[in-house]
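Working notes for the structure below.
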């Protein structure tokens, strides 16, 4: 199974017998609450709010929202709210996390705590699922910026995080393209060397449940015709489910190209912990925020 | 002046009182000759052919083309054809170069020769002019891959090559965005440090005739609204004429995104020598080849 569009995913989540519960850490933030309650209206999620209760009630009041004040966990300090959020996940009081008004590092600190956290022994990475204007299915780009210049081992973790997430979304054996500027391994381009090593690790069974190709250029990964012209024959060519970028500079330009230049849709969350962690910024569109909640709900439903 | 679209450039070149002369090095190649004669039909250029005469005449015959056989420089060996091409440029027998059936390194070797070449004391870079689906003018992306991991000094050369080329196309003071994943200088991200240094070199007059901003993310460079949301205030934000990429990995993914994902148009040539050098590959679309010849003709007309 592969996902053809976000509509499929939205329908899937709306049809769930029980709404997934998002724990919002430091929820006293207008744009976060708007995104959350927009998704509530659409029947996507049930919210659990952690943060400055007075502030949260004030914002909900201005939004004309009715919400059971007693259900709010009153933890005004963002660091404490993050710790409480992780504790609630461990107690089974919620299915995934959304970051509110606190720094990314603040929410991640209790998540990565070796004893009381939600780690799984891998690095965490940003999983972004994109709907492109001219591609025949959704496509993941990763890492979106958690690991700035990942090592080979970290790239392996990133692939495994991504494959696990796609499996929870229903994929059988995703096709992963480790992109680089050229298809030939060139010792002067470490990106090509590591892409080749990842493909080898997949061949020898170290990276499982997926097909990894690389080094492969982006156009070959996305367009079978280009692959044919360039004589590149591979299952991944023209049919990639995942674009693994070599570092944050490439990932950032690719992400911005997809949204700003191509007008694509994107949504995502942090993977590698026991539950998804949705981060959206003030700059994110309402649609991106909504689809990120949809995506996280679908991922936890499939676990 | 800025160029809004390729149509403007095509009209400009068609209106030139005299057609610019392209010297085709190792012209015995079907896809090269097709591109050249397509541009001849459109009134863009006059060709000067250097290469294996028998082969060239054979291909032209199959294409049902009439061409003065006596005007062909019969130089069957590609290395010799490259040398002859450079010699002809120096003798004023042509205005720019197009690479035919030979390696890029083969055509560049006589070009960079210190005594008999066409160098200008700078590195050479690939200048690509793109027409994006949603941007209000054409935009350059550079370097397209001549310098794989340019140093700071080489990035300065690349900017100067680009600005000189844009000036010959009629631009007054192009806006250059040195892109990176973040806007804040971070010593752990050398791309941001060098982008900042380039902006400083522009402020202190070392890089002239343009406005350089950086580090700046791609979306801020292209979209004023995003710039406003992120509180980034700068003349280049939302109005960049040039995207300077930090290395070949970023440049390649950006170029492939523009064409494969966004369906943009692109064309380009190598700059830094005394005349443009057009390189197109078998994989290039007919339109890209045509527009590259248009672009080179326009650039030499404006010198």
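Residue numbers (this note's numbering), protein chains in the order written: chain L, 972 to 1274; chain V, 972 to 1274.
Quick reminder that beta carbons are idealized off the backbone N, C-alpha and C, glycines included.
- With a cutoff of 8 Å on beta-carbon distance, residue 1222 (chain V) and residue 1092 (chain V) are scored as not near each other.
- In the displayed model, residue 976 (chain L) falls within coil according to three-state DSSP, outside both helix and strand.
- The residue from V:1072, V:1224, V:1034 with its alpha-carbon nearest to that of residue 1022 (chain V) is V:1072.
- DSSP places residue 1042 (chain L) in the helix class (H, G or I) of the three-state scheme.
- Below 8 Å, too few C-beta pairs join the segment 1242–1254 of chain L and the segment 1251–1259 of chain V to call them touching: fewer than three.
- Nearest Cα to residue 1180 (chain V) within the set V:1238, V:1131, V:1216: V:1131.
- Of all residues in the segment 1076–1105 of chain L, only 1103, 1104, 1105 place a beta-carbon less than 8 Å from a beta-carbon of chain V.
- The Cβ of residue 1189 (chain L) sits closer than 8 Å to at least one Cβ of chain V.
- Taken in chain order, the whole beta strand (DSSP E) runs of length 3 or more contained in the segment 1144–1214 of chain L are 1146–1150, 1182–1187.
- By a beta-carbon distance limit of 8 Å, residue 1185 (chain V) contacts residue 1149 (chain V). Their separation comes to about 3 Å.
- Taking 8 Å as the upper bound on Cβ-Cβ separation, chain V lies near residues 1218, 1219, 1220, 1221, 1222, 1223, 1224, 1225, 1227, 1228, 1229, 1230 of the segment 1218–1230 of chain L.
- Within the segment 1041–1060 of chain L, no residue places its CB atom closer than 9 Å to a CB of chain V.
- The shortest CA-to-CA distance from residue 1245 (chain L) to any of L:1153, L:1219, L:1081, L:1214 is the one to L:1081.
- Counting every other CB atom within 10 Å of its CB across the protein chains shown gives residue 1165 (chain V) a total of 16 or more, marking it as buried.
- Residue contact check for residue 1133 (chain V) against chain L: no CB pair falls below 8 Å.
- At a cut-off of 8 Å between beta carbons, residue 1194 (chain V) contacts chain L.
- Inter-segment contact for the segment 1108–1125 of chain L and the segment 1210–1222 of chain L is present: three or more beta-carbon pairs are separated by less than 8 Å.
- Close to chain L, meaning a Cβ-Cβ distance shorter than 9 Å, are the following residues of the segment 1105–1131 of chain V: 1105, 1106, 1116, 1119, 1120.
- Collapsing the DSSP output to three states places residue 1228 (chain L) in a helix.
- Secondary structure of residue 1122 (chain V) (DSSP, three-state): coil.
- Sequence-ordered contacts of the segment 1196–1214 of chain L with chain V read 1197, 1200, 1201 [C-beta pairs closer than 8 Å].
- Just measuring C-alpha positions, the residue of V:1052, V:1032, V:1260, V:1225 sitting nearest residue 1074 (chain V) is V:1052.
- With respect to the C-alpha of residue 1028 (chain L), the residue from L:1014, L:1005, L:1010, L:1016 having the closest C-alpha is L:1005.
- In the structure shown, residue 1022 (chain V) adopts extended strand secondary structure according to DSSP, grouped into three states.
- Counting only Cβ-Cβ distances below 7 Å, residue 1182 (chain L) has no contacts in chain V at all, with the closest Cβ about 20 Å away.
- Residue 1151 (chain V) belongs to the set of residues whose beta carbon lies under 8 Å from a beta carbon in chain L.
- One finds 1119 in chain V with Cβ atoms closer than 7 Å to the Cβ of residue 1160 (chain L), taken in chain order.
- Rounded to whole angstroms, the gap between the alpha carbons of residue 1195 (chain V) and residue 1129 (chain V) is 25 Å.
- In terms of Cα proximity to residue 1203 (chain V), the closest of V:1155, V:1227, V:1174 is V:1155.
- If you look at residue 1096 (chain V), you'll find it in the beta strand (DSSP E) that goes 1096–1102.
- Under the three-pair Cβ rule at 8 Å, the segment 1231–1239 of chain V does not count as touching the segment 1157–1171 of chain V.
- With contacts defined as CB atoms closer than 8 Å, residue 1207 (chain L) and residue 1146 (chain L) qualify as a contacting pair.
- A Cβ-Cβ separation of about 6 Å places residue 976 (chain L) in contact with residue 1102 (chain L) under the 8 Å criterion.
- According to the DSSP assignment, residue 1246 (chain L) belongs to no beta strand (DSSP E), since it is labelled neither H nor E.
- The Cβ atoms of residue 1183 (chain L) and residue 980 (chain L) lie no closer than 8 Å to each other.
- In the three-state DSSP reduction, residue 1032 (chain V) falls in the helix class (H, G or I).
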